[in-house]
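Structure, as structure tokens:
Numbering (the numbering used here), first residue to last: 56 to 358.
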């Protein structure tokens with residue numbers, strides 16, 4: 056399937072992950088336990104979502120060279136054709152995706168607050184259904200890429216198999232640790248060129264209490280080094296309004312300040328996905344890590 060991209064060339068970016076139909080509900084605030092709150096809008100909005108699809112679309116829109124292939128799982132519902140059309144419209148090749156007539160497509164329900172903060176509930180649907188033969192085919196596709204992007208909204212065995220194949224082939228893997236909260240094997244960390252948590256995810260992976268790393272640069276570095284001690288090579292931490300920090304495998308620490316959004320923040324959904332996709336595109340273009348961080352920060356702000 057990869058030979059269909061860009062005149063027969065393999066894709067430069069392969070994204071393996073989830074795709075969802077996201078339903079957005081505008082609220083003044085999040086409900087407390089056992090509380091009902093009303094929506095600020097009389098209707099909902101629907102959009103393509105899922106961390107994998109978000110990153111594939113962002114990479115395709117940002118990339119000036121090479122193709123972008125997305126590998127996920129379409130359900131057998133009415134949403135599937137619409138999701139495929141949205142991906143194709145952004146220049147993403149979906150030929151390698153799986154299809155499941157008996158399952159619904161993944162769904163996300165997003166509560167959107169006035170300041171753009173977004174809280175989500177995800178229903179995995181077809182995202183959780185990966186046949187062994189399909190995973191093997193995905194590994195073949197990934198071995199020919201310049202970079203592979205993974206997240207954690209698909210079964211862990213899929214990520215582990217793809218990362219192991221890429222490591223053996225010398226293809227860098229960028230592992231976004233966002234998604235389901237579950238342990239990460241040290242061997243898998245070692246197969247990823249970049250492990251990418253946000254602050255709360257870094258706290259969880261390093262065994263820290265919620266909020267323990269807030270506004271503490273030294274503690275963030277220490278937690279990132281703890282991941283390296285488990286096998287991770289480079290650790291890229293996104294810090295929201297505090298920017299990002301990259302601990303490289305050679306011990307260097309790079310810091311990137313947040314880029315101010317060009318207008319008031321409307322919706323923070325997928326800003327981190329845009330950051331990681333832009334970082335990957337800049338990496339494929341051969342840019343130094345400092346410029347990869349800058350490109351990521353700009354893309355995240357625009358998203």
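Using N, Cα and C, we set each Cβ at its ideal position, and we do this for glycine too.
- A distance below 8 Å between beta-carbons, with the five flanking residues on each side excluded, links residue 346 to the following residues of its chain, in chain order: 337.
- Segment contact: the segment 244-252 against the segment 287-303, three or more CB-CB distances shorter than 8 Å; contact assigned.
- Rounded to whole angstroms, the separation of the alpha carbons of residue 102 and residue 262 is 35 Å.
- Sequence-distant partners of residue 234 (beyond 5 residues in either direction) whose C-beta falls short of 7 Å from its own C-beta, in its chain, are 106, 206, 207, 208.
- Secondary structure note for residue 109: its alpha helix (DSSP H) is the uninterrupted segment 106-117.
- In this structure, 323 is the residue among 71, 217, 323, 162 with its C-alpha nearest to the C-alpha of residue 173.
- Scanning its chain for C-beta atoms nearer than 8 Å, with the 5 sequence neighbours on each side dropped, one finds around residue 67 the residues 118, 120, 121, 122, 123, 200, 201, 202, 339, in chain order.
- Look at residue 217 here: in three-state DSSP terms it is helix.
- The count of Cβ pairs closer than 8 Å, one atom from the segment 162-178 and one from the segment 72-89, reaches three, so the stretches are in contact.
- With 16 or more neighbouring CB atoms inside 10 Å of its own CB, residue 331 falls in the buried class.
- Per DSSP, the continuous beta strand (DSSP E) segment holding residue 234 begins and ends at 228-234.
- Around the beta carbon of residue 170, fewer than 16 other beta carbons sit within 10 angstroms, so the residue counts as exposed.
- Per DSSP, residue 274 lies in no beta strand (DSSP E); the unbroken alpha helix (DSSP H) holding it starts and ends at 272-284.
- Listed in chain order, the non-local C-beta contacts of residue 257 below 6 Å within the same chain comprise 278, 292, local neighbours out to five positions each way being set aside.
- Spatial neighbours of residue 159 in its own chain (CB-CB distance under 6 Å, excluding positions within 5 residues in sequence) are listed in chain order as 130, 132, 180.
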